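Shown next, in structure tokens, is the structure this report addresses.
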Amino acid sequence: MRIRDTRGDRAYYVVNYSVLIVFTLMVLYPMVYVISASFSSAKAIADNSVYLWPVGPTLDAYKTIVQSPNLLIGFANSAVYTIGGALLGTALTVLAGYASSRDDLPFRRVITFFFLIPTLVSAGIVPTYIVVRELGLLNTRWAVILPGAMSVFNVIITRTFYQMNIPGEMLEAAKVDGADDFRFFFRIALPLSKPIIAVNLLFYGITQWNGWFNAFLYTSDQSLMPLQLVLRELLSQSAVNPAMIGGADVAEILKRQELFDKLKYAMIVVAMIPPLVAYPFVQKHFVKGALIGSLK
Amino acid sequence: MTGGTSRISRRALLGVGAAGIGAIGGLPLLSACSSSGGSGGSSGSKPTGAPVKIGAEIADGPTYKDGYVGPHATVSKPFGDGKTTFKIVVPQDTTVVGDWNKNKTTAWFEKLTGVKVQFQEVLITDPNGGNDLTKINAMLSGGDLPDAFMGIPFTQAQVSLYGQQGLFVELDDLISHYAPRTQSAMKDYPDLRSLKASSNGKLHQMLGVNDCYHCQSSNGRAWINKKYLDAVGGSMPASTDDLRQVLLEFKNKNPSKKSGFLPFVAGVNNPLDSYFMQPFLYTSYGTDSNGSPNGGWLRLNNGKVEFAPNKDEWRQALQYLRQLNKDGTLTSQVFSMTDTELQTAGNKGLVGFGRFYWWGSIFNPVTLDKNAPWRDYVPVPPLKGPSGQATAQWDYYGYATTGLQITNACKDPGTLVQWSDYQMDLQAIMWQYDGIYQKNWFWGDKSASGIDGGSALWRDIQWPAPAGESWNQYSTMYRSRDFRGGQQVDPKAPTYEAGLYAAGKTYSKFAEPKEMQLPPLIIPDASTSQVADTATSISQAVKQGMSNFALGKKNIDNDADWNAYVDSFKAMNLQSYLDIYQKAYDSRPK
Amino acid sequence: MTSTTVKIDQSDGSNSGGSNSDRLQSDPKPGRRPSRRLGLRMRRSWQLYVLLLPPLIFSIIFLYWPMYGLILAFKNYNITLGITGSPWAGLTYISQFFHSYLFWPVIKNTLVLNVYALLALFPLPIVLALLMNSLRNQRFKKAVQLITYAPYFVSTVVLVGIILMLFSTTTGVVNQPISAIFGHPVDFLSAGAFRHTYVWSGAWQTLGYSSIIFLAALAGVDPELHEAARVDGASILRRIWHIDLPGILPVTVTLLILNMGQLLNSGFEKVLLLQNPNNLAVSQVLDTYSYQIAFQSQIPQYSYATAIGLFKSVISLVLILLANWLARRVAKQSLF
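Chains as they are written, first to last, in the working numbering: chain A, 1 to 296; chain B, 1001 to 1590; chain C, 2001 to 2336.
Quick look at the structure:
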């Protein structure tokens, strides 16, 4: 059945496309700038002469990154942390989100509140460090993944999704058929929640991918460093502290300055590629009616 | 570590009983070395054997200039037992040091001393160039103590506090026995020990020196483009009025012939006050003239701690800035320009006069090319104010570095003291600073001269050394002024250091009197948070006040506006803040 | 048109992803039920408790256990004595914070900045998601999603670098035409402009990423509803209003309530990097203030930082409870 667009609808689409095109271009420009700058000479960047395309094209920045001895280790570690963190976080979140979404669960409000409190209260670095230490996790991969494994934000959003998308009637019907809560959750609720599982995997994966703090604080072994920490370290060491100009030698300041200018853009490009590549796999679950389709 | 830990736990249980059990969860476990742990700090092990002496000069060593004060290259023998491994926490630096445990200098130094060290690297900087001691602090709080920390920028207050709490070992006795080089450095620099001593007068760290001559004036320098100055037919400004005329000429004639010319620049990290207040009143270099919460804008007046920004002369200075603003030569940009903006402007040749540290502040890159445009910028001597005063801020105390701290986890502090003292040997300094001898550096050529005009002590081929060869600048160094001045210069390719040395000379004549400068002080632990609170408010009020009055958002000629500004400091508890500083000054270690 | 509305209302119970408002808030009223029945219901739900077990254990260990550190706010932290062993300080730090000269300006700056950010940045991802969702060209749709999501990965240092480069009063691309036309540049970091620069650069960076959650919610809307509404002659705008929006309302309300709990948190690093003496009057916020006092002082002030943090927690709790109550009254939805 094909219905022709009304004039109003056509106007809507014109506006919609224009708005999105303008917005996309606005977002695209700085991204293009970052990429171009990463291929430009340090002087061109300092001169502010990079506008759109690389000026004085050079691969120096990428060479420096590739030569960084910890880069490959960082990539491998990041992959482990990202996959591990995404799976673990999503599992915990879906469990908490589903169970607390059931309105027949006694003490549901209390449980939700229990999960919510930590979003408001930050315990601080030192006590968290001491807990990780007491658990014997210092300098292990677990110390990177575990402390931030579950985000209460995600739990609550996931809970809302279950409330919206798993109708009470479905549960009633399943119960009549003799399904218990386990069966309903694993056989019906889980398959129905692909979009939110995809979103959770993405969010947790990105958090781990972008994360450096846990590794920075809880590990000291270079073989455990994730990519972001490797990059951060490179960047930190090349940043010029204005206060340092008083004390350190001038040649070093210059060297660091040059490195800093070279690196900061290229690092973003390098670190951005994997999340961008991963996105379409998540995106396909956002197709209109994907959820409903699986229901029928 | 483990053995000590369990022993102490047991002691805690036996001695303190139930209260001890409760405390163990969060209690950092002290380990074996702490003998008393009381407020006096642990005394470490007692020195044994004969006191260590400095050896004879090495053969084929460097030539020292007449009257040379500084480190010597001497024959040293290994003293370590070759078995004990010390765990030392150091800054992570993959670009220069690389892996500390596989570093070339590490290997050389281990051979020299016979002491085995296992380094643990910790990232201590953030991408904005600041220090980030988060992890170090967490380690300390969590009780994960190495044998020592080296090159970690603890504040003096931290070392003092942790030392008195027994975390860091007291070193005076050990130094007088094991550390002859440190002793001679203390003789060469009489203030050195008191600068690094804890508030109870004891020393809890090994001393380091990095005496950079030009750095003493770097905070208060201003520069002008000589070519532009000639183009408008001006001469080097000597007074505030001269400068005003030059800036007007710059603005009206635009000697750069480029659009967007900026007669006057300064910026977020290059504040105006360290240069522009001087013609009107002394604003001593102080602990930190950038107004960080460690206190700023404080000075001494006959031994009394004073605050400068609420004085009438400060008001006159602001009136002068306001005048420049009315002239159109001073704009809001002098408060807001970031380092990158300054460099872009400099690269494009848009800068006439500016308050900044050095050429690299407005140029990127700074090439060694003979005709490079940065060479047009020359230092502007301090300006004479209405009362005829001309002074420059001068840092009298910045040379003392944070060397090495030995913790109570260390079983043999004497060996580490000697190990650290070996780092003050000239050869060791050069290795640690620049890596492999006769590859990255040589002793100075016989006939050549150094930055300071004396005979050359050493020359470098490349600095910093390639990754993995040197220790950058993290060791317990003894880089005296004569050592730094002894860096050989090639007259055909002058580097920046020589130019900066000359710039330092421009200002040294005008250096503020030493007795007006508040030395770095240790604020007692109980007052630190109050001081930090007040200092943050003061810093904000002074910076905001300068911007508001100079740009005319508040009227500097209006008494009501000025009084409101002055009164705001009272509301911030300025008086009790000054009292705390006064007390800290009066009771400082001498 | 009425038929569409009716249809949607009917679809409520059947899987449309439409408003489930009644279910969201249909918590049992504990007072009315005898405890015997409660015990029975708990026994019946034992499997749900088993599902809850792993996340609960996780929360207790990693989220609740470290909270014992909050007592630092009432102690004089001594690094050798540890958290539990340090001497008590009572309300010293809390009171010091309340009496701090900058207390009120900082609170005001924080709230103004964050309320502005919330008002500007909360609705926009929804609009973006709705616009993208109604696109029919799948390629274009996916490209737009991917591109708008990318800036999320730009680090704060570089983001601020780009802002300064583009908007610099001396050499910025944006200011060159402005100077040419008006004779003087616009200072985008002045006290007057700081908040706009902060908020809208945030929009640029996070809109695409924030819209993901709404896209996922929209995936739950039954396309047949749209088809049916089209047959009834409903325009696209009406369909978005009556089908899509109700479909994402629960997520929206949930996020709004959660966001209310973050009103005292700012993008600390970004604010710090954008600060200069001209804008300090509006750019000093709670997080930068607490950082400057706690970690740039001579000795790290863990106790003071914890006290400020605790203050933030209490305010956030009040805000979130208020938001929850309001949502229940107005939108007939709530978190708990």
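All C-beta atoms, glycine included, are put in the ideal place defined by N, C-alpha and C.
Fair warning: this is a prediction, and the values are worked out from it, not measured in the lab.
* Chain-ordered chain A contacts of N1364 (chain B) [CB-CB under 9 Å] -> A42, K43, I45, A46, D47, L254, Q257, E258 and D261
* To do: Let me know the secondary structure DSSP gives Y1474 (chain B) once reduced to three states.
  => coil
* To do: Thinking F115 (chain A) and V144 (chain A) are a contact (beta carbons under 8 Å), I'd like their distance in whole angstroms, please.
  => Not quite, the Cβ-Cβ distance comes to about 23 Å (not below 8 Å), so this is no contact.
* To do: Could you check the C-alpha separation between N1472 (chain B) and D1093 (chain B) for me, to the nearest Å?
  => One C-alpha to the other measures close to 9 Å.
* What residues are listed by DSSP as bridge partners for K1087 (chain B)? -> B:Q1118
* Coil, strand or helix - M2042 (chain C) by DSSP -> helix
* Would you kindly work out how many angstroms separate the C-alpha atoms of A2150 (chain C) and D1242 (chain B), rounded to a whole number? => 53 Å
* Which stretch, first to last residue, makes up the alpha helix (DSSP H) that contains F1307 (chain B)? -> From DSSP, F1307 (chain B) is part of no alpha helix (DSSP H) but of the beta strand (DSSP E) over K1304 to F1307.
* Beta carbon proximity, T2197 (chain C) to chain B, threshold 9 Å -> no
* Asked: What are the boundary residues of the beta strand (DSSP E) that R1459 (chain B) is part of?
  -> W1458 to D1460
* Asked: Among all the DSSP beta bridges, which residues are the ones paired with I1406 (chain B)?
  -> B:A1148
* To do: Check the Cβ of S2313 (chain C) against every Cβ in chain A and list those closer than 8 Å, keeping chain order.
  => L120, V121 and S122
* Asked: Taking C-beta to C-beta, are P2250 (chain C) and M164 (chain A) nearer than 9 Å?
  -> Going by beta carbons, P2250 (chain C) and M164 (chain A) fall inside the 9 Å limit.
* Terminal residues of the beta strand (DSSP E) in which F203 (chain A) lies -> That residue, F203 (chain A), is in no beta strand (DSSP E); its alpha helix (DSSP H) goes K194 to N210.
* Asked: If you measure from the beta carbon of L2102 (chain C) to each beta carbon in chain B, is any gap under 9 Å?
  -> yes
* Asked: Can you list, in chain order, the residues of the region 1517-1529 of chain B whose Cβ is nearer than 8 Å to any Cβ on chain C?
  -> Within the region 1517-1529 of chain B, contact with chain C at the beta-carbon level (separation under 8 Å) is assigned to I1522, I1523, D1525, A1526, T1528 and S1529.
* Asked: Who are the neighbours of Y2149 (chain C) on chain A, taking C-beta pairs under 7 Å?
  -> Y279
* **Start-end ranges of the alpha helix (DSSP H) lying completely within the region 1414-1470 of chain B, minimum 4 residues** => 1426-1434
* Closer than 7 Å by beta-carbon distance: list the chain A residues that pair up with S2155 (chain C), in chain order. => I268
* **Distance between beta carbons of T2148 (chain C) and G2208 (chain C), contact taken as under 8 Å** => 3 Å
* Within chain B, partners of S2201 (chain C) - CB distance below 9 Å -> Identification of chain B residues near S2201 (chain C) by a Cβ-Cβ cut-off of 9 Å yields none; the smallest Cβ-Cβ distance measures about 15 Å.
* To do: Using the Cα positions of D9 (chain A) and I2236 (chain C), report the straight-line distance between them to the nearest angstrom.
  => 6 Å
* Looking only at C-alpha atoms, which of B:V1090, B:H1214 and B:N1440 sits nearest to S1480 (chain B)? -> B:H1214
* Asked: How many Å lie between D1144 (chain B) and A2193 (chain C) at the Cα?
  -> If I take the Cα positions, the gap works out to 47 Å.
* 7 Å Cβ cut-off: residues of chain C touching N1268 (chain B) -> Inspection of the sequence shows that residue 1268 (chain B) is occupied by Val rather than by Asn. Within 7 Å Cβ-Cβ: N2276.
* When you compare only the Cα positions, how much space is there between P1381 (chain B) and F1276 (chain B)? -> 12 Å
* To do: Compare the C-alpha of M1206 (chain B) against each of B:Q1118, B:P1365, B:C1410 and B:M1477 and name the closest.
  => B:M1477
* Asked: In three-state terms, what does DSSP make of S1576 (chain B)?
  -> helix
* Could you tell me if F1353 (chain B) is buried or exposed, where buried requires 16 or more neighbouring beta carbons within 10 angstroms of its beta carbon? => buried
* Alpha carbon to alpha carbon, how far is P2177 (chain C) from A266 (chain A)? -> 30 Å
* To do: Confirm, please, whether the CB-CB distance from G205 (chain A) to T82 (chain A) is below 9 Å.
  => For T82 (chain A) and G205 (chain A), yes; Cβs fall inside 9 Å.
* Following the continuous beta strand (DSSP E) through Y1213 (chain B), name the residue where it begins and the one where it ends. => Annotation: Y1213 (chain B) is outside any beta strand (DSSP E) and is labelled neither H nor E by DSSP.
* If you compare alpha carbons, which of C:M2067, C:G2220, C:H2242 and C:L2218 is closest to A2229 (chain C)? -> C:H2242
* To do: Name, going along the chain, the residues of the region 1154-1165 of chain B whose beta-carbon falls closer than 7 Å to a beta-carbon of chain C.
  => T1155, A1157, Q1158, L1161, Y1162 and Q1165
* **Touching by the beta-carbon criterion (3+ pairs, under 8 Å), the region 1412-1422 of chain B and the region 1530-1539 of chain B** => no
* Taking buried to mean at least 16 other C-beta atoms within 10 Å of its own C-beta, is D1060 (chain B) buried or exposed? -> exposed
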